[in-house]
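First residue of the sequence shown: 1, per the UniProt record's numbering; consecutive thereafter.
Built from N, CA and C at the ideal position, the CB exists for glycine as well.
The model shown is predicted, which means the values in this text are computed figures rather than measured ones.
Take a look at the structure below.
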Amino acid sequence: MHYWVRAFASDFSGTPPQPRSGHTAVPIGKSKIVVFGGLLDKKFLSDITVYDIENKLWFQPECTGNGSDGQVGPSPRAFHVAVAIDCHMFIFGGRSGNRRLGDFWVLDTDIWQWSELTSFGDLPSSRDFSAASAIGNRKIVMYGGWDGKKWLSDVYILDTISLEWMELSVTGSLPPPRCGHTATMVEKRLLVFGGRGGGGPIMSDLWALKGLIEEGRERNTWMDPIEASRSIAFSPLWTYGHIRRALCNVISKFLTDLALLLFGGHGTGGWLSRYDIYYNDCIWKRLPIGNDPPAARAYHSLTHIGSRYLLFGGFDGKLSYGDIWWLVPEGDPIAKRFIESPPKNIPDNKGMAAESIQSSFKESRRETDTIAELQRALGISVSLSSPVLQIIDESEDKELIELGSRLIGERVPSNNQGLLNQTVELLRDHWRRSTPSSIPLKELGPLLRDYQRLISRHHLANSGSDFQSIDSWLLGKEAYKFYHLKNVSQLRMNDIPKLLAEYKKILPEQNASGPSAGFEEQVL
């Protein structure tokens, strides 16, 4: 049994990368993971954030370098390819705005120095949504992509010592041109799965390319989907835009068990569209998952670290994610957050929902310590002596504004009412789609205040009286029992799923019919 566990601040030190999608997260040996580039709210990124595995530390290195135009490193981009060879991370292509890129860079992670490479031979065209994989410790194979006019089905080999590109001549039936696929070396074969092809269809086929290892003395030949699937006993679901690196890590580790992993992606037409269907399924042969998965998404990264897998970022058609999740086996210490202390008084079908929130207080679970533990975990200092509940406007809720700013990737001024309203709606939609286990602890305060704010506005809109008269209005009502809480420290652990459920009942009516709709039915 494996479990999804949302990472807590206590799992790391340093500053994790900001939310993004279309980035790469490349493991460098067993020591570090390098996150590069991506897209956030139409802004393309070029920053580097590194996870030091041994020290459990996120940091941003100060890189040096000199490109052809005098820049230190690659220009901002997303949907590029990144492959590690020893201590070097090679970057090719991608997109910046409407431009497809064809430049070629390498980062030496021992000294954090970028170099723009001048290569020769059969140079590949500029492209994004391609896929690449290392062949041993010297060569890189790249397949497919989108050049802005057509889908591609070409295969290129790069020798990282001589810097020579070679377009591979391949025999046999050729895969349909595509982009947004995966390409992964497994022993002597390159496995290509899924993607989007000419005319826009979404593919679920699996192809295998033989002959890439010189010692194998095989011809460069594609194995068609039937032959390739039989060779690894795998029949994936109909998805594309799924993770580009997890397939490599998992196939290499579990090849002897004929097991493959894919997480997420989306399976309808269009790119980065809010109208697509996004997935959060985990396709893994012979490996059951014991709890609810992270929110559905595509264009994320999933990286192998020992027996764990680290999920970061992604996009669901509306929002770019910055959450970090572990996928861990049952015997992993952090899996105990779920399996040692199951929640009480929560329906079975939601039993896993509150456990990761509960787990952050595992060292002290007595009810008498709940307030103090929540205060420490949330980093807040509160007083329980205030006799009157204070309802503040969104523009005065600094935590709400800060949370919304992180969500959209830019600072939201409290005096910009239009942008503030849009941000609040995005944040409310984020909470609507959240589960108790997916909400960070620091979001509970803004969530509780917004819950109380919506109830108060309904009361004032209907009665025209002041805030204090709401006490008599709610007296004896089963719903909205968290309205009277002075602050988040008065919440108990098993209150959190109930609070979120009540909040979600308010939101659809708020958005569909205005501030008065839906309330009377719930409280009468």
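| query | Considering R492, what are the terminal residues of the alpha helix (DSSP H) in which it resides? | reply | No alpha helix (DSSP H) contains R492, which DSSP labels as neither H nor E.
| query | Out of curiosity, what's the CA-to-CA distance linking S405 and G70? | reply | 33 Å
| request: Mind reading off the beta-carbon distance from H181 to D128? Whole number of angstroms is fine, and I expect it under 8 Å. | output: With a Cβ gap of about 12 Å, H181 and D128 do not count as contacting.
| query | For G65 versus W114, is the C-beta spacing smaller than 7 Å? | reply | yes
| query | Taking the alpha-carbon positions, what's the G38 to L485 distance? | reply | 41 Å
| message | In this structure, how does DSSP classify Q390 when only helix, strand and coil are distinguished? | response | coil
| said: Using the three-state DSSP reduction, which class does V424 fall into: helix, strand or coil? | reply: helix
| Backbone secondary structure at S169 - three-state DSSP | coil
| field | Distance between D316 and A296 (C-alpha atoms, nearest Å) | value | 6 Å
| request: For A82, write down the residues that DSSP places opposite it in a beta bridge. | output: I91
| said: So the candidates are K43, I135 and K504; which of them puts its Cα closest to the Cα of R95? | reply: K43
| Given L101 as reference, the closest of S434, P76 and A84 once Cα atoms are compared | P76
| query | What residues in its chain sit with their C-beta under 7 Å from that of R244, if we drop five residues either side in the sequence? | reply | Caution applies to R244, whose pLDDT of 32 falls short of 50 and renders its modelled position unreliable; the value that the coordinates give is listed next. Excluding residues within five positions, the ones whose Cβ falls inside 7 Å are A131 and T182.
| DSSP state of A183 mapped onto helix, strand, coil | strand
| query | Given that a residue counts as buried once 16 or more other Cβ atoms are within 10 Å of its Cβ, and exposed if not, what is D393? | reply | exposed
| request: Note down the Cα distance separating G197 from P446, rounded to an integer number of angstroms. | output: 44 Å
| task | Provide the residue(s) that pair with E116 in DSSP beta bridges, ordered along the chain. | result | W105
| said: Assuming T221 and T171 are in contact, meaning their beta carbons sit under 8 Å apart, how far apart are those beta carbons, in whole angstroms? | reply: 5 Å
| said: By the three-class DSSP mapping on this structure, what secondary structure does E164 have? | reply: strand
| query | According to DSSP, is S414 helix, strand or coil? | reply | coil
| message | Only counting the same chain, and skipping five residues up and downstream in sequence, which positions put a Cβ closer than 6 Å to that of D110? | response | C87
| query | In three-state terms, what does DSSP make of I135? | reply | strand
| Any idea which residues DSSP pairs H304 with across the strands? | Y309
| message | Whole angstroms are fine: how far does the CA of Y503 sit from the CA of V488? | response | 15 Å
| In whole angstroms, what is the alpha-carbon distance linking D103 and P177? | 22 Å
| request: Kindly give me the distance between the Cβ atoms of D397 and R432, rounded to whole angstroms, as I take these residues to be in contact under 8 Å. | output: Not a contact, Cβ separation roughly 18 Å.
| field | Short CB-CB distance (under 7 Å) between L101 and chain B | value | This model lacks chain B altogether; it includes just one protein chain.
| query | The beta strand (DSSP E) with G38 in it runs from where to where? | reply | K32 to L40
| message | Taking the straight line between their C-alpha atoms, what separation do you get for V328 and G29? | response | 20 Å
| said: So M166 and F92 are supposed to be a Cβ contact under 8 Å. How far apart are they, rounded? | reply: Not really, about 14 Å apart at Cβ, beyond 8 Å.
| request: Please state if the CB of I324 and the CB of V5 are separated by a distance shorter than 7 Å. | output: no
| request: Please classify L212: does DSSP put it in a helix, a strand, or coil? | output: coil
| request: Quickly, what does DSSP pair M203 with across the bridge? List them, please. | output: G195
| Range covered by the alpha helix (DSSP H) that runs through R406 | K398 to I408
| field | Coil, strand or helix - Y483 by DSSP | value | coil
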